[in-house]
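Reviewing the structure listed below.
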């Protein structure tokens, strides 16, 4: 029996990858992690930059090093096509994978189309699509525990699914009237690649909507919640802040309901789940409250008619929306406490 | 015939009042304005602070000075109760008033209740409520032209009403399915009074919703658009930027419609209106585009089903949402060009 | 022998006090802390707000509760006059105090004058002034270990003193030519009290200098570094960020020196000190690098003449500049590792 | 006699070029401007984006179009090597040039070296270097009036030179003790090119120094002020704001002096100069005060010893630091009022 597991991170210079590396470096059950850079990331042999800690050595990706180090879990913080190409070999080698990209989240081909890997997809990848487990611990913990391949959810999707699942599963929502999520994200959600959209001057003192009716995260939201495309409208916005997501969600309840009943629905659903905090009205989550934590905060406001409901859900897009959730999934996969290494 | 009219501004140290003073100082048809401070604003006899220009003398409010200066138009950038108290006398003295507060915007008592001035309201004020004209030039120019008292619209309301009026008046909207405005505003919309909510550390790196189902601007939106309370949901959010509003508005069209038809509806409605810019898809307004201008920018995105519609409307809350619109109203009241003094 | 010590925090709703409470709640050697609110802070019996964690109960300050709980260390995150009034009794009761205010940092009366407590100072307080220990662990660890009363340094002072001490103590600085610190701080350094200066609209998109030649932290910098007033110029600026300090320090070396020698001077001085990171040229610290950590980062740039030297020093004003340093002092007082509870 | 002059702008999609285009479109003495894009800027035939106004047509650069349009003044908002290549032909064709790059600002070859165009410089360019006029109107108006080629100053340089010139020319400064400018700039000063440094996440919640002892603007500051390299230290910093510069300048006066004398020195020097505002102590300029204006604001704080002096100078880097100053230079070149088109 080994005291600690061995982990590796590929893409450790991106925002999410750096957070995974940082969390693993403090995790009591994890040995020193291998940090790999992607080829596109240059030739430095140094460093995750010394943000809030000391730098760590970075090396080019190599299966040999992975085998030699007896890596148990490989975290992929890579573009979806890189994940699509690498994962089959990792699984063959018996290495468990937690993939932070969108490569394995979607079961239905019509949703995968937006990622553009449907046609060229090798046979191996197609098989894995069916066995990959959607890594939202609060909804899916049993399957995650035994998974070889965990598809870590999208940041927006995490906030929307966690806010809607309790009400939908309880059959309280008038789905025909439609559900809307007006979501707002900090800029790290757009990735580290510099472009005109992420230039400081484009973002500061600004707010903009984008990808209306066409965002990649819609597919996983529909699949996880069992919604049809026509039932769900999603508008993401780019906020002038580095990190954090707030989703304002609008729906109509099937019957007049009290705030107490709504709150009870959430509290029952998330009983024993340490990383979801349900707010009692009139208190509402704000982005600051969950920043730099693994919490998903959920609050709501019910109209006097008892039917129109506004939900507010917040996550830190790099933690509960990415790296923190990935570590939470690892905890589940090894039977450790949900909070291990995440406080 | 006098070459220029005389104006006065009360509340010239607040954000909106300062902008009115700045605009009037550059208006070719307006002489040097009297700038009054409110009593609550201390005893300095100096200054609108030298933002982007030279400071201007400030004095305590006085009817005598107003009479002596033969003021034609009085701009009130004051709390609604101050406006409620002062306006009857101004009207009696034959001075036209453009009031930036919420004191005179609402016809229906149930909407006015939220301002709390219903009970103590003097008879004179009640009469004026009926004769006050809602000062949204693109919808109401004929009544504004002859008005003695113009109730300048709220900043959020301006963005929402201008975005919705064309479609509603054309009967295209399925009102039963409900209309939602998810609106986001910069901090100057919350006023200059320092408090825990406007402290830099509370706002920066944050986003928060507030006054859900209970914001003061809902009443004027309902009245101007002829909507019932149950048909409209409004959620304002506080953005970490100094100024600017973006409203994301969700509705369902009664019938499948093309983007061309939607765009044509907007272009027809706003033909000849220089301060509304209609964006052709897929371009969408952003807060930056209308900042420091009097424009209201409107764009939209139509779902493939041709029925679900997302509107984006942006204004600078201190200009088209307050001071710029006030000057536009003055232009209408004197038969000048809509753009006079606003470029 | 007790396994853990007991601590209490007074002023646990302010920015620094909240950070102290947060750090103590995770410290492995500390039991559940008592959190006291100051009287001025209202009557809520709840909460440090649930920032990144769960809320904690808050109570009015009481010596009885402190005695009953057998508090070992009392942290004061209070205005200096409150600290001045409370500390003598705490010391009499045998409770060790770590005071985050400026009440006990200054030995020379001419420096204390700026705080205004010289005249009314009780005899007890005057005695304590002499025995209070300036709590900068990297310079003063021996005295801190045995101290009853630790005066936790100011945030600006921490960055300036740690950057200058190695060179001054090595006699390398041409003091006659003068030393200048141009320092910039995030807004949390100005405290939680809302006022015109901390209003979001006043700070965003802005930078301003203040208290030039008159800032309270100058006294402790002079005393700790043994400088005369004429030798040191200090200009603080208010940055549009919530937290973090960067000091750009200008001095002239007595003799032409190499960058290697300068770096060696810093590395020797801070050998074995985990919370100071010395940067090798040309890398320079940035505020982001030390944010949310207890590090003080120091870098430098030497002119080609080998004499003009620019130092850059960064701290998180709420951690190494306040709460983190306070916990580091507690670690020293109890003989624990410098890093205990601070990772 | 033509009523209006004809102008053209090359580089009208960059930050400074867009501001030039915007200012020219409102200038009463200027006809519709030609707007050229640089080849590197893609093939769109549209637009300066509709920031605060309507979009304007953009075309590829062409001498034929310039000749056909009888352009009087060509504004270059281009990289210095593009300016270096284009200007000789413009001058030959009799077109006056206002160049916003660093191509023609420097007389001394040792200063030009940093731009890297010394070796490959054609003969024509070398000649023009001598005849180019440094376009700082408050110091150099006589030469600008008759200039064929105006080298528009750098943004940092404008703030530093205007703050120092009055005292240096009056012989009040102890130059041997050294002058330091600790300058801070918004991100638009770094240009529109997206890169790791200008990514929102790199800038927000941050402050960083760069190019210490090696910034390109040092040369023009030394030349214009007649300083030796050893007498002047310059440290630029990148602020988390879109625009605006604040320079904090440290110097020692040769003799004890009163604040009145210092203020008088500035007021005398800038008498009749509308775009420099001198602040009376204790009021100091802030970046917000001059934002979106062509003002350079100057204030100061004198130590009790009457010799240590801290100057604060602010400009909007895109206006007085670039486009506004360019238009001011054009006003001088045609004998118009300094303020024409700049209010």
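Chains as they are written, first to last, in my numbering: chain A, 1 to 343; chain B, 1001 to 1343; chain C, 2001 to 2343; chain D, 3001 to 3343.
Quick reminder that beta carbons are idealized off the backbone N, C-alpha and C, glycines included.
Because the structure is a prediction, the values reported are computed rather than measured.
- Under 9 Å between C-beta atoms, does residue 2004 (chain C) make it to chain B? By this cut-off, residue 2004 (chain C) is not an interface position.
- Message: Less than 8 Å between C-beta atoms, sequence neighbours within five positions excluded: which residues of the same chain meet that for residue 3193 (chain D)?
- Response: Excluding residues within five positions, none has a Cβ falling inside 8 Å.
- Any beta-carbon of chain B closer than 9 Å to the one on residue 2195 (chain C)? Interface residue, yes.
- Cβ pair count under 8 Å reaching 3, the stretch 101-119 of chain A against the stretch 67-84 of chain A: In short, these stretches touch, since the Cβ pair count reaches three.
- Message: Any C-beta of chain A within less than 7 Å: which residues of the stretch 3199-3218 of chain D qualify?
- Response: Here the close residues are 3199, 3200, 3201, 3203, 3204 and 3205.
- Task: Just the chain B side, please: which residues come within less than 9 Å of residue 2236 (chain C) by C-beta, in chain order?
- Result: Under the 9 Å cutoff, chain B gives no residues; its nearest Cβ is about 16 Å from residue 2236 (chain C).
- In chain B, which residues lie less than 8 Å from residue 2242 (chain C) when you measure between Cβ atoms? Chain B residues near residue 2242 (chain C): 1200, 1201, 1204 and 1205.
- Tell me the DSSP bridge mates of residue 1283 (chain B)? DSSP output for residue 1283 (chain B) lists no bridge partner at all.
- So residue 2099 (chain C) and residue 2152 (chain C) are in contact, right, with Cβ under 8 Å, and what is the actual spacing, rounded? Rounded to whole angstroms, the Cβ separation of residue 2099 (chain C) and residue 2152 (chain C) is 6 Å, and the two are in contact under 8 Å.
- Item | When B:1341, B:1338, B:1330 and B:1019 are compared against residue 1146 (chain B), the one with the closest alpha-carbon | Looking at the Cα atoms, B:1330 is the closest of the given residues.
- Query: Who are the Cβ neighbours of residue 22 (chain A) in its own chain at under 6 Å, not counting the five residues just before and after it?
  - Reply: Result list for residue 22 (chain A): empty, nothing under 6 Å.
- Query: Grouping DSSP H, G and I as helix and E and B as strand, with all else coil, what is residue 1096 (chain B)?
  - Reply: DSSP places residue 1096 (chain B) in strand when its eight states are reduced to three.
- Message: Once DSSP output is grouped into helix, strand and coil, what is the label at residue 56 (chain A)?
- Response: It is coil, neither helix nor strand.
- Beta-carbon of residue 2056 (chain C) versus every beta-carbon of chain D: anything under 9 Å? It does not; no Cβ of chain D falls within 9 Å.
- Message: Can you tell me whether residue 187 (chain A) is buried or exposed? The criterion is at least 16 other CB atoms within 10 Å of its CB, across all chains shown.
- Response: So residue 187 (chain A) counts as buried.
- Message: For residue 3062 (chain D), count the other beta carbons within 10 Å of its own beta carbon; 16 or more makes it buried, fewer makes it exposed. Which is it?
- Response: Here residue 3062 (chain D) is exposed. Its C-beta has fewer than 16 other C-beta atoms within 10 Å.
- Query: What are the residues of the stretch 3121-3141 of chain D that lie near chain C, defined by any Cβ-Cβ distance shorter than 7 Å?
  - Reply: Nothing from the stretch 3121-3141 of chain D brings a Cβ to less than 7 Å from some Cβ of chain C.
- Should residue 2296 (chain C) be flagged as near chain D, meaning a C-beta pair shorter than 9 Å? Interface criterion not met: the Cβ of residue 2296 (chain C) is under 9 Å from no Cβ in chain D.
- Message: Against chain B, which members of the stretch 167-198 of chain A pass a CB distance test of less than 9 Å?
- Response: Within the stretch 167-198 of chain A, the residues whose Cβ lies closer than 9 Å to some Cβ of chain B are 177, 178, 180, 182, 184 and 186, listed in chain order.
- Task: Could you tell me the distance, in whole angstroms, from the CA atom of residue 1154 (chain B) to the CA atom of residue 1094 (chain B)?
- Result: Rounded to whole angstroms, residue 1154 (chain B) and residue 1094 (chain B) show a C-alpha spacing of 25 Å.
- Task: With 9 Å as the threshold, decide whether the Cβ of residue 1230 (chain B) is near any Cβ in chain A.
- Result: So yes, residue 1230 (chain B) belongs to the interface.
- Item | Pick from A:136, A:158 and A:88 that is closest to residue 126 (chain A), judged by C-alpha positions | Residue A:88 is the option with its Cα nearest to residue 126 (chain A).
- Could you tell me which of C:2322, C:2317, C:2310 and C:2340 sits nearest to residue 2182 (chain C), measuring between CA atoms? For residue 2182 (chain C), the closest C-alpha among the options C:2322, C:2317, C:2310 and C:2340 is that of C:2310.
- Query: Skipping 5 residues on each side, what residues in its chain have a beta carbon closer than 8 Å to that of residue 1335 (chain B)?
  - Reply: Apart from sequence neighbours up to five positions away, the residues of its chain that approach residue 1335 (chain B) with a beta-carbon distance below 8 Å are 1145, ordered along the chain.
- Message: Here's a check: name, in chain order, each residue in its chain whose Cβ is nearer than 7 Å to the Cβ of residue 3081 (chain D), leaving out the five neighbours to either side.
- Response: Within the same chain, residue 3081 (chain D) has close Cβ partners 3117.
- In chain B, which residues lie with their C-beta within 7 Å of the C-beta of residue 301 (chain A)? Neighbours of residue 301 (chain A) on chain B, chain order: 1212 and 1213.
- Query: Shorter than 9 Å from the beta carbon of residue 3288 (chain D) to some beta carbon of chain C?
  - Reply: Chain C, which has a Cβ nearer than 9 Å to the Cβ of residue 3288 (chain D), makes this yes.
- Item | alpha helix (DSSP H) segments (min. 4 residues) lying fully within the stretch 136-217 of chain A | Listed in chain order, they are 137-145, 155-169 and 200-203.
- What separation, rounded to the nearest whole angstrom, lies between the Cα atoms of residue 2158 (chain C) and residue 2024 (chain C)? Each residue's Cα considered, the two are about 21 Å apart.
- Nearest-angstrom beta carbon gap, residue 3185 (chain D) and residue 3317 (chain D) [assumed within contact, 8 Å]: Between the beta-carbon of residue 3317 (chain D) and that of residue 3185 (chain D) there is about 6 Å, and that keeps the pair under the 8 Å contact cut.
- Message: Between the alpha carbons of residue 3216 (chain D) and residue 3238 (chain D), how many angstroms are there, rounded?
- Response: Using only the alpha carbons, I get a separation of about 15 Å.
- Message: Can you look up residue 3241 (chain D) in the DSSP assignment and give me helix, strand or coil?
- Response: Correct three-state label for residue 3241 (chain D): coil.
- Message: Assuming residue 1076 (chain B) is part of the beta strand (DSSP E), what are its boundary residues?
- Response: Per DSSP, residue 1076 (chain B) belongs to the beta strand (DSSP E) from 1073-1076.
- Message: Classify residue 3343 (chain D): buried if its beta carbon has 16 or more other beta carbons within 10 angstroms, exposed otherwise.
- Response: Around the beta carbon of residue 3343 (chain D), a 10 Å sphere encloses fewer than 16 other beta carbons of the protein chains shown; the residue is thus reported as exposed.
- Have a look at residue 3170 (chain D) and residue 3244 (chain D) and give me their C-alpha separation to the nearest angstrom. Spanning the two alpha carbons is a distance of roughly 28 Å.
- Through-space distance from residue 2219 (chain C) to residue 2168 (chain C), alpha-carbon basis: The alpha-carbon atoms of residue 2168 (chain C) and residue 2219 (chain C) are separated by roughly 17 Å.
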